Amino acid sequence: MHRIFINYRREDAEGYAIILQDRLAKHFGEKQLFMDVDNIEPGADFMKTIEKSLSCCEVILVLIGARWLDARDEGGNRRLDNSNDLLRIEIETALKSNARVIPVLLHGTVMPSADNLPDSLAPLTRLHAIEISSSRRDYDIERLITTLEKMPGLTPVNQTEASNDSTAAASDAPPAPKSKAFRHGLTGAGIAIALLIILSIYDSEEAQQSVAISTIPDMPSTTSAPLATVNNQTSAAVNNAKQQLPATINLSGTWFDDAGTQFEATQKGNLFIATGFNLFGMATKQLHGRVEGDTLYFTLQDGFIETDGIGKLNEDGEHLDYTLTQGNFSETGQLHLNHTRN
0 MHRIFINYRR EDAEGYAIIL QDRLAKHFGE KQLFMDVDNI EPGADFMKTI EKSLSCCEVI
60 LVLIGARWLD ARDEGGNRRL DNSNDLLRIE IETALKSNAR VIPVLLHGTV MPSADNLPDS
120 LAPLTRLHAI EISSSRRDYD IERLITTLEK MPGLTPVNQT EASNDSTAAA SDAPPAPKSK
180 AFRHGLTGAG IAIALLIILS IYDSEEAQQS VAISTIPDMP STTSAPLATV NNQTSAAVNN
240 AKQQLPATIN LSGTWFDDAG TQFEATQKGN LFIATGFNLF GMATKQLHGR VEGDTLYFTL
300 QDGFIETDGI GKLNEDGEHL DYTLTQGNFS ETGQLHLNHT RN
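0 is the number of the first residue of the sequence shown in numbering that gives the first Met the number 0; add one for each residue after it.
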């Protein structure tokens, strides 16, 4: 049963949502988490699935980034003002439930005032929020995990396994020969079991990476496709995930472009996410994509403008040459690594 619900808007906080989901899943277990990308089956009723999950969750995390308040639809209307906006419906449902609702403010975003929100969302502004910044992200996430551990029903995976092991040992003590075999190492059937476990873990990790890649547009190998085409290729990315080349480079770290924008980047397997900060420390750009071999395929979001790009790491490992394309527009540039990779 899902106990933690992650509420977020993709163009505002998708990168943080993926990272947070990964950290919480490792600590509390995947089955305790609900995030729409991973937990809604094809053909399922979207609203019914979300309402059912919200009804049984102990805590709802509302991720609020720089674009959360003023995100616009294709007509230029603010999404939060639309009563059918999914993110708004999720928060309204959560506020009416008995679950704990925790606003999570991302990279310096301040809590919006009630005057700037629909009346149904105004109670959100009175709730104590937790901050997650790019400069101390790991520390902030650990603080959030510590808060969640205090809530009923949310038990870390290692504690749950320890409890199950203790119960099993008390109810079904193994015979002496078997105990001796375990003390001296795995043999025979034990090795076979160990191999099965290793293979299941490998498949699980590969499946998780495929899901993460599905949130990223499927970029072609040479030039970028229009955004509408990219969106249609998302499902193809899932189906072809196992054929993708493994990443041979790690681009995690702090990068700067020639204009002085600072990019805080994280790479997990093939998945690459970076947030760009201007000279005043404000988050102004979001970059997400995937690494195949030594090539980065990405989408750069700068305000309301999205541009596709391809980057190649130089042999020195300190510079990344990139090309941005949008229709007939093309621009080249270079990112410079500032800090040692994570």
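Built from N, CA and C at the ideal position, the CB exists for glycine as well.
This one's a predicted model, so the numbers in the text were calculated from it and none came from an experiment.
- Under the three-state reduction of DSSP, Tyr-7 is assigned to coil, being neither helix nor strand.
- For a cut-off of 8 Å, the C-beta gap from Thr-298 to Asn-277 is around 19 Å, too long to register as a contact.
- Annotated as proximal: Gly-28 and Val-156, with beta-carbon spacing under 8 Å.
- Asn-337 and Gly-107 have their C-alpha atoms roughly 22 Å apart.
- Straight-line measurement puts the Cα of Glu-314 at about 55 Å from the Cα of Lys-95.
- Under the DSSP assignment, Ile-140 falls outside any beta strand (DSSP E), being part of the alpha helix (DSSP H) whose first and last residues are 136-148.
- Cβ atoms of Asp-301 and Thr-283 come within 8 Å of each other, at about 7 Å.
- Note on geometry: alpha-carbon atoms of Thr-274 and Pro-122 lie some 29 Å from one another.
- Here Asp-72 carries a coil assignment [DSSP, helix/strand/coil].
- Burial check for Phe-271: the Cβ neighbour count within 10 Å reaches 16 or more, so the residue is buried.
- Boundaries of the beta strand (DSSP E) harbouring Ser-329: 328-336, taken from the DSSP string.
- Note on Ala-98: 16 or more other CB atoms within 10 angstroms of its CB, so buried under the neighbour-count rule.
- In this structure, the beta-carbon distance from Pro-111 to Leu-68 falls below 8 Å.
- Only exposed fits His-127, as fewer than 16 other CB atoms lie within 10 angstroms of its CB.
- Look at Gly-14 here: in three-state DSSP terms it is helix.
- In this structure, Thr-92 is the residue among Leu-104, Thr-92, Glu-291 with its C-alpha nearest to the C-alpha of Ser-119.
- DSSP, reduced to helix, strand and coil, places Asp-320 within a strand of the structure shown.
- Annotated three-state conformation of Glu-305 is strand, per DSSP.
- A residue is called buried when at least 16 other Cβ atoms come within 10 angstroms of its Cβ; Arg-135 does not meet this threshold and is exposed.
- Our two residues, Gly-74 and Ile-63, have alpha carbons roughly 22 Å apart in a direct line.
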